[in-house]
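Working notes, beginning with the structure itself.
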Amino acid sequence: MFFLSPIYLLGLLSLPIPFILHLFERRRTVRVEFPWLHIVEESLKGGNLFLRLREWILLAIRTLALLFLVFAFANPLVRSEKGIIILDDSYDMFAQNGDQILFNEARDTAEKLAGEKGFDIVLSSGRQYTHQILPTYGMFQPPDIKGKNILFITSKPLPKTKGVITLEGGKNLLSIDSVYLEDPLPQVGADNRLLVGITNYGKYDIQRTLSIHSPDDSIYTEICLSPGQTYNFFPLKFKKAGTYSGYVDIGDDALLQDNVMYFSFKIPERIRVGIVEKDSSAAFYIQKALSPEGIETSIEIKKTTYPRLPFADVFIFVDVPYIESGVPSIVFRGRELRKRPRDFFLSLKDIDRTHPVFSVFDDACIDEITSRKIYRRALGGINGKRIASFSDGERAIAEREGSLFLYFLPSVENTDIVLSPNFPPLLYRMVRYLREGREYPTMIPCGRDARLGVKENHSYEVCSHDDKERWRISPIPDENGLCLRFTPPSPGIYSIDKVGKIAVNIDRHVSTVHPFKKNMGGVPLKRWFFLACLFLVFAEMFVRNIRP
Amino acid sequence: MRKHLDPHIIAQMRSLELKVRAVVDGFLVGIHKSPYHGFSQEFVEHRQYMPGDEPRYIDWKVYGRTDRLYLKQFEEERNLRAYVVLDGSRSMAYRQTGAISKWEYASIISASFAYILVLNKDAVSVSIFDTSTRRFVPPSTTRANLSRVFDTLEDSLPSGKTRICKAIEELSEKAKRRAFILVLSDLFDDENTTISSLLNLRARGNELVVVQILDPAEREFPFRGSVRLRDMETGEELLVDANSARDRYRENMNSFLSRIRSELWRNNIDYITVDTNTPMEKVLYFIFEREKV
Chain Y
1345 MFFLSPIYLL GLLSLPIPFI LHLFERRRTV RVEFPWLHIV EESLKGGNLF LRLREWILLA
1405 IRTLALLFLV FAFANPLVRS EKGIIILDDS YDMFAQNGDQ ILFNEARDTA EKLAGEKGFD
1465 IVLSSGRQYT HQILPTYGMF QPPDIKGKNI LFITSKPLPK TKGVITLEGG KNLLSIDSVY
1525 LEDPLPQVGA DNRLLVGITN YGKYDIQRTL SIHSPDDSIY TEICLSPGQT YNFFPLKFKK
1585 AGTYSGYVDI GDDALLQDNV MYFSFKIPER IRVGIVEKDS SAAFYIQKAL SPEGIETSIE
1645 IKKTTYPRLP FADVFIFVDV PYIESGVPSI VFRGRELRKR PRDFFLSLKD IDRTHPVFSV
1705 FDDACIDEIT SRKIYRRALG GINGKRIASF SDGERAIAER EGSLFLYFLP SVENTDIVLS
1765 PNFPPLLYRM VRYLREGREY PTMIPCGRDA RLGVKENHSY EVCSHDDKER WRISPIPDEN
1825 GLCLRFTPPS PGIYSIDKVG KIAVNIDRHV STVHPFKKNM GGVPLKRWFF LACLFLVFAE
1885 MFVRNIRP
Chain P
36 MRKHLDPHII AQMRSLELKV RAVVDGFLVG IHKSPYHGFS QEFVEHRQYM PGDEPRYIDW
96 KVYGRTDRLY LKQFEEERNL RAYVVLDGSR SMAYRQTGAI SKWEYASIIS ASFAYILVLN
156 KDAVSVSIFD TSTRRFVPPS TTRANLSRVF DTLEDSLPSG KTRICKAIEE LSEKAKRRAF
216 ILVLSDLFDD ENTTISSLLN LRARGNELVV VQILDPAERE FPFRGSVRLR DMETGEELLV
276 DANSARDRYR ENMNSFLSRI RSELWRNNID YITVDTNTPM EKVLYFIFER EKV
């Protein structure tokens, strides 16, 4: 017998509890002096022996019940007579190895063994086994076969364990799990970093060359990968706006398929910001924050007054009524509360750190921002998503329908927050978030629909990166206008005429490989232990209430 | 007739003498007349009935034979001796639900009995026993002897195991003449030896009264749940589920009492079972006016 959740065996530490209770009960028994026990003894007629026996029986029952309960939670299994062969059908198994793909080789081996030993064949993805099997685009997940009657056929060079059959062709056990930009809102000329997450499934450090292939150049780096997941940083600087795509590759590894990960980032053009102002001091601070002297930014600012709105990518309304312009806006609201400012001297708190505006700020920056004092002049009346609150619990920053609402004015009375070194980056990120945050994703997992927003209604040509596949699609209407929607057949980079590129990868987080069924190859005893425990509970109640 | 004195009230009195006076006063008021006619006088001759005579002394047997009314005439027996045999074993100290312990109850009865006898110029002796006679006050009619009896009772504390047969054996050696013997005990000893020793005492021509004193808890067994009972005399312990044992205990106790009662009554030994909540005057009635009780 073995346990699937052995951590629950720690519950065995509670086994002395019935003993302690037993001793406690004994102590708690009332002691009484009695003049003559002769008649009492006559009256018992073996009842006393029963009483003592009953105490020990109750102790045994309680201890066993506790033991069974712990065992039931630990999910025990006994090795089943009928064995199982598990075929690894993760994406790597469909790599070419000589004349045939690895999966076909594994399937032949499995069928031969199944014929000899009478085993059942199952797939590690949980799908039904047939002769026509397509790749799952799933990541490899090694099953737990210890102690079970299981054979696992894979191309991965797993540590030598009884029950694992490793096919020729596998050398190392690495996979690239993720590729993303450190700052998810890239801009031309700004420093950024590419983060590459790699998992080493083996037990030892592996030295490998990691290459990053981009439109500009290729970077080759020697890296040492420790067992488990590691993140590697590579500095990037985008020279021009547009789509920046490429792939990351770990060389010299037979597991070709999941050792490549494609990426595609959209670098926006200059952002045009229109400031609609009523309070010139506030507009002054906003302008200073978004275009500081001597620093190159991708923001172009135009100031105007209501109602003549110039064309802009993002509007900033400063103390003027909000207009549903259809353009993403940052709305500073103020002068709605006529009370004296000192009554509303507050600071920010409860900031949503998962929101893209705040996600790149570290703890020190957040602490610095939240320590700044703000005079609140408006109440948060917008029923949008709350991003930050004032210290009295009212909304400070909220988001609704692609616009951000801030319930204070960046004016002279709020110099404490306005002069914070983190105020310009905060405002800057808000602008960029509103401009870019509503874009369709340019990196998707395999098996999902790819979507790209387009403006013109005609057919577009889609082309895979190896130029093997090429087809035309027409846009369909969606909530933002028109979009192109298609399902990429396999991982790679897909280019769409004059629109952009989409990177398609296998992804562990959206993997179609289901977790391996833990109780395969064994007979689960969990239910029986629970039943036994329940029976013992009833037995305890019965024994406790019977009289001699 | 006034109400009986509650043992709870007697328990609050400090000195034994005070307790005895309270009990005896109640007893004397209750019966209105002197109790001594009963046993300390002996029949001498008949005389013809005259109007105004007490009708209860008419000898009806003579009337049956002669058709004439004659009265029985008595002569006071000067040399009557009464022995009080008091169980002083450890079990007599028991008090659970009663007003006072069995020992206190027995000693008040003993002292009251002795007091009444000394008032009537009868000789009274008290012996306290456990495994054998522990204290003995020889019979005497004097007030000084009564004080000795009181002191002995007050000084003694219950201890040791119960061996009634040994104590009665020793008493038989001391009481050579025919006497009145009052035994006060819980009789928690071997049933057969106890009965046989009492029968032996009776067979010697002694007038014998046995008062078995129990605490109400000894009859009722009022405990609940699991209790560990400790024998007061042997120290032996016993784990008992009181709820399940209670009914059978009561049955066994009742049959134990009824066996003793039937054996003693069959052999003309006056016997009564009382618990420590029973008014003591009732016990005195029984002792002095046994036929009426």
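Chains as they are written, first to last, in my numbering: chain Y, 1345 to 1892; chain P, 36 to 328.
Where a beta carbon is used, it is the ideal one built from N, C-alpha and C, also for glycine.
Query                                                                                                               : Result
Short CB-CB distance (under 8 Å) between L264(P) and chain Y                                                        : yes
Beta-carbon proximity check, V161(P) vs L121(P), cutoff 8 Å                                                         : yes
Residue-level contact to chain P via CB, W1380(Y), 8 Å cutoff                                                       : yes
Residue from I1619(Y), I1643(Y), V1671(Y) and E1644(Y) with nearest C-alpha to V1662(Y)                             : I1619(Y)
Neighbour list for D221(P) in chain Y, Cβ cutoff strictly below 8 Å                                                 : P1379 and W1380
Distance CB(L1402(Y))-CB(E1884(Y)) smaller than 8 Å                                                                 : yes
S1669(Y) to G1746(Y) span [Cα, whole Å]                                                                             : 11 Å
Within-8 Å CB hit, I1428(Y) to chain P                                                                              : no
Closer than 7 Å at the beta carbon, the chain Y residues around R283(P)                                             : S1387
The segment 1822-1839 of chain Y in contact with the segment 1792-1807 of chain Y per 3-pair CB rule at 8 Å         : yes
Proximity of G195(P) and T311(P) at Cβ, strictly below 8 Å                                                          : no
P1360(Y) classed as buried or exposed, judged by whether at least 16 other C-beta atoms fall within 10 angstroms    : exposed
Min CB distance L1395(Y) to chain P below 8 Å                                                                       : yes
Selection of the segment 281-312 of chain P by Cβ proximity to chain Y, strictly under 9 Å                          : R281, D282, R283, Y284, R285, E286, N287, M288 and F291
Under 8 Å between C-beta atoms of L1381(Y) and L274(P)                                                              : no
Partner residues on chain Y for L206(P), Cβ-Cβ distance less than 7 Å                                               : Residues of chain Y passing the Cβ test: none, with the nearest at roughly 23 Å.
At least 3 beta-carbon pairs within less than 8 Å: the segment 178-195 of chain P vs the segment 203-212 of chain P : no
Contact set between F258(P) and chain Y, taken where Cβ atoms lie within less than 8 Å                              : V1374 and V1376
Spatially closest choice to I1718(Y) from D1707(Y), L1763(Y), C1709(Y) and D1822(Y), by CA coordinates              : L1763(Y)
Within 8 Å of chain P by C-beta, residues of the segment 1354-1366 of chain Y in sequence order                     : none
Endpoints, the beta strand (DSSP E) within which V1664(Y) is located                                                : Taken as a continuous stretch (DSSP letters only), V1664(Y) belongs to no beta strand (DSSP E), as it is neither H nor E.
L1692(Y) versus S1703(Y) - alpha carbon distance                                                                    : 16 Å
C-beta neighbour in chain P for F1383(Y), strict 8 Å                                                                : Residue identity differs from the one stated: residue 1383(Y) is Ile in this sequence, not Phe. True, the Cβ-Cβ gap to chain P drops below 8 Å.
Euclidean distance between Cα positions of I1430(Y) and I1850(Y)                                                    : 21 Å
Short Cβ contact (8 Å threshold) for I1509(Y) with D1464(Y)                                                         : no
Rounded Cβ spacing between I143(P) and M315(P) (contact assumed at less than 8 Å)                                   : 6 Å
Closer than 8 Å at the beta carbon, the chain Y residues around Y129(P)                                             : E1377, F1378 and P1379
C-beta neighbour in chain A for D276(P), strict 8 Å                                                                 : The structure shown contains no chain A; the protein chains it does contain are Y and P.
One or two residues paired with L206(P) in a DSSP bridge                                                            : L206(P) pairs with nothing; no bridge assigned.
Same chain, Cβ closer than 7 Å to N1603(Y), neighbours up to 5 away in sequence not counted                         : L1518, S1519, I1520, D1593, I1594 and D1597
Sheet register partners of K1647(Y) (DSSP bridge)                                                                   : I1619(Y)
Backbone secondary structure at S191(P) - three-state DSSP                                                          : coil
Candidates I1497(Y), F1749(Y) and A1409(Y), of which the one nearest S1434(Y) by Cα                                 : I1497(Y)
Between the CA atoms of E1526(Y) and Y1777(Y) - distance to the nearest angstrom                                    : 15 Å
Range of the contiguous beta strand (DSSP E) that encloses S1519(Y)                                                 : L1518 to L1525
Of the listed residues N302(P), E271(P), L299(P) and F258(P), nearest to Y284(P) (C-alpha basis)                    : F258(P)
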